[in-house]
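Chemist:
Residue numbers (the numbering used here), protein chains in the order written: chain U, 1 to 476; chain C, 1 to 457.
1) If you draw a straight line from the alpha carbon of residue 412 (chain C) to that of residue 426 (chain U), how long is it in whole angstroms?
2) Using a beta-carbon distance cut-off of less than 9 Å, what residues from the region 231-252 of chain C approach chain U?
3) According to the neighbour-count rule (16 or more other Cβ atoms, all chains shown, within 10 Å of its Cβ), is residue 52 (chain C) buried or exposed?
4) What is the residue span of the beta strand (DSSP E) that residue 405 (chain C) lies within?
5) Do you know offhand how far residue 207 (chain C)'s Cα is from residue 34 (chain U)'s?
6) Starting from residue 332 (chain C), follow the beta strand (DSSP E) in both directions and report where the run begins and ends.
7) Closer than 9 Å, Cβ to any Cβ of chain U: which residues of the region 147-178 of chain C, in chain order?
8) When you compare the region 46-65 of chain C with the region 302-316 of chain C, are there three or more beta-carbon pairs, one atom per stretch, that lie closer than 8 Å?
9) Give every residue of the same chain whose Cβ lies closer than 8 Å to the Cβ of residue 316 (chain U), excluding the five residues on either side of it in the sequence, and list them in chain order.
10) Give me whichever residues DSSP pairs with residue 350 (chain C) in a beta bridge.
11) How far does the alpha helix (DSSP H) with residue 403 (chain U) in it extend, from its first residue to its last?
12) Kindly confirm or deny that the region 246-262 of chain U and the region 219-227 of chain U touch, where touching means at least three C-beta pairs closer than 8 Å.
13) Please identify the residue among U:117, U:363, U:105 and U:364 whose C-alpha is closest to the C-alpha of residue 471 (chain U).
14) Tell me whether the region 46-60 of chain U and the region 196-214 of chain C touch, counting them as touching only if at least three CB pairs, one residue from each stretch, are closer than 8 Å.
15) So, residue 4 (chain C) versus residue 61 (chain C), is the Cβ gap smaller than 8 Å?
16) By Cβ distance, which residues of its chain are closer than 8 Å to residue 108 (chain U), with the 5 residues on each side in sequence left out?
17) Any idea if residue 45 (chain C) is buried or exposed, counting beta-carbon neighbours within 10 angstroms, 16 or more meaning buried?
18) Looking only at C-alpha atoms, which of C:218, C:194 and C:308 sits nearest to residue 256 (chain C)?
19) For residue 34 (chain C), which residues does DSSP report across the bridge?
20) In this structure, how does DSSP classify residue 285 (chain C) when only helix, strand and coil are distinguished?
21) In the DSSP output, what is residue 64 (chain C) paired with across the bridge?
22) Out of C:41, C:145 and C:388, which has the shortest C-alpha to C-alpha gap to residue 436 (chain C)?
23) Excluding sequence positions up to five away, which residues of its chain have a Cβ less than 7 Å from the Cβ of residue 246 (chain U)?
24) Taking only beta-carbon positions, decide if residue 113 (chain U) is within less than 8 Å of chain C.
25) Flag residue 65 (chain U) as yes if its beta-carbon sits less than 8 Å from any beta-carbon of chain A, otherwise no.
26) Where does residue 87 (chain U) land, buried or exposed, given buried means 16+ other C-beta within 10 angstroms?
27) If you draw a straight line from the C-alpha of residue 290 (chain C) to the C-alpha of residue 246 (chain C), how long is it?
28) Since residue 19 (chain U) meets chain C, which of its residues come closer than 8 Å, beta carbon to beta carbon?
29) Taking 8 Å as the threshold (beta carbon to beta carbon), is residue 456 (chain U) in contact with chain C?
30) Closest Cβ-Cβ distance between residue 59 (chain U) and chain C: below 8 Å?
31) Tell me, please, which residues DSSP counts as bridged to residue 161 (chain C).
32) I'd like the list of long-range same chain contacts for residue 114 (chain C), defined as Cβ closer than 7 Å, with 5 residues on each side in sequence excluded.
33) Mind checking which residues open and close the beta strand (DSSP E) that includes residue 434 (chain C)?
34) Which same chain residues end up closer than 7 Å to residue 3 (chain U) when comparing Cβ atoms and leaving out the 5 residues on each side of it in sequence?
35) Rounding to the nearest angstrom, what Cα-Cα distance links residue 204 (chain C) and residue 287 (chain C) in this structure?
36) Could you give the DSSP three-state label for residue 9 (chain U): helix, strand or coil?
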């Protein structure tokens, strides 16, 4: 019966699509109705037949995504998801990293419906690795790095597992790299070579030397060279001698004589340019050798004034100086008031987390901070109570409040200008970054400060602070 | 923070606004009146003439205000009414967490820092609240008015009957000349017959016909002939059900000539009323050819009994620009709804609303092998229906040739929803709500293993 009706309606459909006259009897209405009437009746029947009697058929090639993996951390509580989405609207990778970092530090992660990590996971919490793997279509959950799991791992996951293995068994990690590293893309190889900084020893020298000779990527070669230099392995020397020739040694001080090493003052622009490029290729040990001083003496003697070329020297130190020499030079930079958060951000790769936080605190006390982004790049989010105290005690914070207070007061009087609007707009960014850095209790203090300035407690400027406080969970 | 009557009078744009505001002071019209912890902001929801309540906020520090109503007056009567209520009984305002829509407004407001400027007109609340007794009409005037109304009704009935006959003839013409040709000029031809129906006082049906091109052309090419046949066939059913219009079903009259207004609905004893907990599934705006925006807010009933779905529908001129939404997808609230009388009650108005006490789960789906049975049954009672929300059982989303599908253990439904993000495609859907149009489904929301998904969020 169903088939018969369907056949009749399909025939009518063909006719209707083409147009033309119809035969009433053919359509099954033999009650004397005219052709037009029967067509309309049949049309009404057709309108309902398909929607009541038939059901959609499944296409043959239907595929589903693999189920989402279990997440290592609980998801952000539902009431906080809109605020998270709002903050993630800023198309700024460093903001995303800071926000997800703050959340991970407080034990939660973003809802996958709201955000998925990018393919390049560097700078994002490890908790997102399962989601990144899922997004990339990789299904296995590997925990330890072995020859068997090497290929199953997502790059960020492998990098983390490699770093863990370097910390516990550097030899096993090196052997895995020797056997399997060659098959990886240059970017992944570079990430793993960086991992050799953990537990770096002379046992690694042979492999690193081989990389400097044979690796296909110049970046990998350069990184291996830097690691070798930290081990004191000196190769070549022509460039170092050329750089040393641009320098002069002298002594200064009337009572306490002190050695000074600096670039000769009469270098022309071409020579300065050449010296700059030599700093990128020469290692710290090579330069010390070419200057006929010990590494510690070089670190204690090279000038700390920004000009000329303190920065290239510092970069060379970070890249290749032994730990002791590096810290000698850094301490001098800090003592002379030259050290900046941006420099500490570069230094961070050579320091432990505790060292980084201690140095950041020292810079805060010295009133060095000019931009919270620099601090965030150094410390990462959620810096803890001690550094939060230091941050809110710094004149930088008080000055920001003073500036925005003045701008708000001017605008309230109808005297707002571009400068004032800019100050207020910049203040929003400042509060956002501040909220990523400080503890929940410090965020509460900042909220009170801002409300005292006239910001309404519901003002969106305070959203990031509220988010920070809410991440702490309900107050007991 | 106190608020004086004279401050409100000064803030009012004119005497008429004050008068209008004084008619909105009944607590029944305000399902929600709240105040921020620092007593600086008051906000609330005012049930106006539309299905969706208006959201109103007032900053007590400078009487800056924002309302989601389309009024061009500032502050509008709803904001003034909120101020008046606070001024007379601040204790009626309960403490509340400042909602997102208020903070968004605050953020925009701080950037523009606009404050209302009072007009020079003298305004008085006492005068606004004074009763001006209307002069009773004499029996002759009443009789004359009733006769005129009856004459108008008869003329309307005849115009609609003639219009529907013309529509039937037009449909027969389309069959004769071929639907392939109609599909090639669907928008133009639908526009022409819709214009005729507007003249015939069948404005609602005209709007429906104007929407045919969008509904049909959104489907894959292979489904368009069947969809067009269904649209035209249902128009025939509507015309036949109307007959000569002597005794039309209220639901049928509504889709031809438009819905009765809120006051008429509230006075209708036959209208279904249901008190319960509701969740906002989605809110969709559709710009119509007549220059109106139709806003449809879909609600899911969370109680084990009572109507499963409700539709709040409002219309406002597109020329007013984007209007603030009354609800956010995922909101839950307690409310008494009154449904427009229909064999399948769906469209409704909120009578009274309060906040939900606790977050509720979705109701369980009955284990019916035919997941579209509710749609078939509804068509049996209202054969002119074009779409209906359906609560689906457990399933997953799937893809074939870049098109998305909902896939359950017993059935597969094609989705009109596009651009679904990967995580939703990877989620396990415990239950889903789709808007089924007979051919494809529009995914509104889902309860998943990762929490709630709202397509609008």
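All C-beta atoms in this analysis are idealised placements derived from N, C-alpha and C, irrespective of residue type, glycine included.
Modeler: Reading it off the structure:
1) Locating residue 412 (chain C) in the second chain gives position 412, where the first residue counts as 1. Locating residue 426 (chain U) in the first chain gives position 426, where the first residue counts as 1. One C-alpha to the other measures close to 52 Å.
2) Those residues of the region 231-252 of chain C that come within reach of chain U (Cβ to Cβ, closer than 9 Å) are 231, 232, 233, 234, 235, 236, 237, 239 and 240.
3) Against the second chain, residue 52 (chain C) aligns to sequence position 52. Its Cβ being crowded by 16 or more others within 10 Å, residue 52 (chain C) is buried.
4) For the purposes of this step, residue 405 (chain C) is taken as the residue at position 405 of the second chain. Following the DSSP letters along the chain, one finds residue 405 (chain C) inside the beta strand (DSSP E) bounded by residues 403-408.
5) Here residue 207 (chain C) refers to the residue found at position 207 when the second chain is read from its first residue. Here residue 34 (chain U) refers to the residue found at position 34 when the first chain is read from its first residue. The alpha-carbon of residue 207 (chain C) is positioned some 31 Å away from that of residue 34 (chain U).
6) The residue you call residue 332 (chain C) lines up with position 332 of the second chain. 332-339 is the extent of the beta strand (DSSP E) around residue 332 (chain C).
7) Cβ contacts with chain U come from 168, 169, 171, 172, 174, 175, 176, 177 and 178.
8) The answer is yes - the region 302-316 of chain C touches the region 46-65 of chain C, with three or more Cβ pairs under 8 Å.
9) Stepping through the first chain from its first residue, residue 316 (chain U) is reached at position 316. Cβ within range, chain order: 279, 280, 282, 283, 284 and 287.
10) The residue labelled residue 350 (chain C) in the question sits at position 350 within the second chain. Listed as beta-bridge partners of residue 350 (chain C) by DSSP are C:337.
11) As a first step, residue 403 (chain U) is located in the first chain; it is residue number 403 there, counting from the start. Its alpha helix (DSSP H) spans residues 395-412.
12) Contact between the region 246-262 of chain U and the region 219-227 of chain U is absent, with fewer than three C-beta pairs closer than 8 Å.
13) Within the first chain, numbered from 1, the residue matching residue 471 (chain U) stands at position 471. Considering only alpha carbons, the answer is U:105.
14) With the cut-off at 8 Å, the region 46-60 of chain U and the region 196-214 of chain C do not touch.
15) As a first step, residue 4 (chain C) must be located in the second chain, where it is residue number 4. As a first step, residue 61 (chain C) must be located in the second chain, where it is residue number 61. No.
16) Mapped onto the first chain, residue 108 (chain U) falls at position 108. Taking residue 108 (chain U) as the centre and dropping the five residues before and after it, the same chain places the C-beta of 73, 74, 75, 76, 77 and 471 closer than 8 Å to its C-beta, in chain order.
17) Against the second chain, residue 45 (chain C) aligns to sequence position 45. It is buried - the Cβ of residue 45 (chain C) has at least 16 other Cβ atoms within 10 Å.
18) Within the second chain, numbered from 1, the residue matching residue 256 (chain C) stands at position 256. Measuring from the Cα of residue 256 (chain C), the nearest candidate turns out to be C:194.
19) For the purposes of this step, residue 34 (chain C) is identified with residue 34 of the second chain, where counting begins at 1. When beta bridges are read from the DSSP output, residue 34 (chain C) appears opposite C:43 and C:94.
20) Locating residue 285 (chain C) in the second chain gives position 285, where the first residue counts as 1. Correct three-state label for residue 285 (chain C): strand.
21) In the second chain, residue 64 (chain C) corresponds to position 64, counting from 1. Residue 64 (chain C) is bridged to C:59.
22) Position 436 of the second chain holds residue 436 (chain C). Taking only the C-alpha atoms, the option nearest residue 436 (chain C) is C:388.
23) For the purposes of this step, residue 246 (chain U) is identified with residue 246 of the first chain, where counting begins at 1. Hits under 7 Å: 263, 264, 267, 271 and 275.
24) Position 113 of the first chain holds residue 113 (chain U). So, interface residue.
25) Although the question refers to chain A, the structure presented lacks it and instead comprises the protein chains U and C.
26) Taking the first residue of the first chain as 1, we reach residue 87 (chain U) at position 87. With 16 or more other Cβ atoms within 10 Å, it is buried.
27) Looking up residue 290 (chain C) in the second chain gives position 290. Looking up residue 246 (chain C) in the second chain gives position 246. Pairing residue 290 (chain C) with residue 246 (chain C), the inter-Cα distance amounts to about 28 Å.
28) Mapped onto the first chain, residue 19 (chain U) falls at position 19. Within chain C, the residues near residue 19 (chain U) are 175, 176, 177, 178, 179, 180 and 181.
29) Within the first chain, the letter at position 456 stands for residue 456 (chain U). By this cut-off, residue 456 (chain U) is an interface position.
30) Residue 59 (chain U) sits at position 59 when you count from the first residue of the first chain. By this cut-off, residue 59 (chain U) is an interface position.
31) Along the second chain, read from residue 1 onward, the residue named residue 161 (chain C) stands at position 161. For residue 161 (chain C), no pairing in a beta bridge is given by DSSP.
32) If you number the second chain from 1, residue 114 (chain C) lands on position 114. Confidence in residue 114 (chain C) is poor, its pLDDT being 48 and thus under 50, which makes the residue's placement unreliable; the coordinate value appears in the next sentence. Closer than 7 Å at the Cβ level, and outside the excluded window around residue 114 (chain C), lies no residue.
33) Counting from 1 along the second chain, the entry for residue 434 (chain C) is found at position 434. Counted as a single uninterrupted DSSP element, the beta strand (DSSP E) harbouring residue 434 (chain C) occupies residues 429-436.
34) Here residue 3 (chain U) corresponds to residue number 3 of the first chain, with the count starting at 1. Closer than 7 Å at the Cβ level, and outside the excluded window around residue 3 (chain U), lies no residue.
35) By one-based count along the second chain, residue 204 (chain C) stands at place 204. By one-based count along the second chain, residue 287 (chain C) stands at place 287. Taking the straight line joining both Cα atoms gives about 14 Å.
36) Residue mapping note: residue 9 (chain U) aligns to position 9 of the first chain, counting from 1. Note: residue 9 (chain U) maps to helix in three-state DSSP.
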